[in-house]
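Counting in UniProt numbering, the final residue of the sequence shown is number 235, and the numbers go up one at a time with none missing. Idealized CB from N, CA, C, for every residue including glycine. Remember, predicted model here, so these are calculated numbers, not experimental data. Structure first, commentary second.
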Amino acid sequence: MDMPEAPARLRHHGGPGGAPGEALRPPLVHVVDDDDAMRRSLALLLRAAGYAAEAHPSAEALLAALNEAGSRPGTPEPPRRACAVVDVLMPGGMDGIALQTELARRGAALPVVVVTGHADVPLAVRAMRAGAVDFVEKPYPKERILAAVGRALDAAAAAAAAAEARLSALTPRERMVLRGLVCGWPNKVIAHELGISPRTVEAHRAAMMDKLGARSLAEAVRLALAAGLDGEPER
């Protein structure tokens with residue numbers, strides 16, 4: 001028997017390497033630096049190299065932008081490769097290491113390249129240990145920063161592919177349930193959207209967790225976000 005089509009708000013819009021329109025959307029690089037001149041200069045360099053670039057004066061500004069993108073109504077945009085180039089030391093606010101910690105807590109699949117002055121190298125080493133893909137000392141030749149960005153975007157693609165490989169074990173209905181969980185919906189809301197009982201949602205949720213090998217809902221959500229199963233659904 002054919003499965004009825006899922007409600008639009010729970011459909012998966014694309015995936016790594018195969019998202020509709022992804023080939024037309026250049027990879028996105030977030031530039032986070034409290035130095036206006038450095039921030040503008042790097043954003044211009046990245047755009048000239050064919051990337052999309054968004055400049056943020058602080059870690060808090062980046063987090064606010066990510067929140068806004070995640071809460072935007074309407075059909076979610078297809079996933080795209082993205083990374084962040086972050087000044088490791090930003091006086092007066094969250095530093096690069098704290099930003100990495102917060103991104104990890106949120107499950108954001110955003111590889112980080114840290115930029116540092118010579119005196120901040122020990123701090124940059126701490127950032128690498130916290131998961132940064134690379135660190136680049138100022139002043140840097142453009143080839144060096146572009147190579148680091150390329151590695152970060154490769155890491156983003158690899159993480160997305162690995163996460164999608166794990167999600168491929170799920171049935172279409174289990175993916176719909178996972179999407180609802182990513183959106184923060186309780187079981188009753190997911191059940192209503194899919195036209196099934198809350199008990200059936202619980203069964204799909206248990207099967208999904210088992211197939212993913214996820215020890216917690218937070219881990220399952222992180223995998224979903226890494227695979228591009230994100231975005232606020234249509235209302």
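Exposed unless 16 or more other CB atoms sit within 10 angstroms - verdict on residue i
| i | result |
| --- | --- |
| Glu-174 | buried |
| Val-121 | exposed |
| Ala-160 | buried |
| Pro-27 | buried |
| His-118 | exposed |
| Glu-193 | buried |
Boundaries (first-last residue) of the alpha helix (DSSP H) holding residue i
| i | result |
| --- | --- |
| Thr-200 | 198 to 212 |
| Pro-172 | 172 to 182 |
| Leu-217 | 217 to 226 |
Span of the beta strand (DSSP E), counted from its first residue to its last, around residue i
| i | result |
| --- | --- |
| His-56 | 52 to 56 |
Nearest-angstrom Cα separation, counted from residue j out to residue i
| i | j | result |
| --- | --- | --- |
| Thr-200 | Ala-191 | 8 Å |
| Val-29 | Ser-197 | 42 Å |
| Ala-104 | Leu-170 | 24 Å |
| Asp-154 | Val-31 | 17 Å |
| Ala-59 | Ala-214 | 29 Å |
| Met-94 | Gly-195 | 44 Å |
| Ala-206 | Arg-80 | 29 Å |
| Lys-211 | His-204 | 10 Å |
Three or more C-beta pairs below 8 Å linking the segment 176 to 186 and the segment 42 to 52: no
Cβ contact (3+ pairs, closer than 8 Å) linking the segment 127 to 143 and the segment 159 to 167: no
Beta strand (DSSP E) segments (min. 3 residues) lying fully within the UniProt domain "Response regulatory" (28 to 153): 28 to 32, 52 to 56, 82 to 87, 112 to 116 and 134 to 137
Segment contact, 8 Å Cβ cut-off, at least three pairs: the segment 181 to 189 with the segment 139 to 148: no
Cβ contact check for the segment 95 to 106 and the segment 121 to 132: 3 or more pairs under 8 Å: yes
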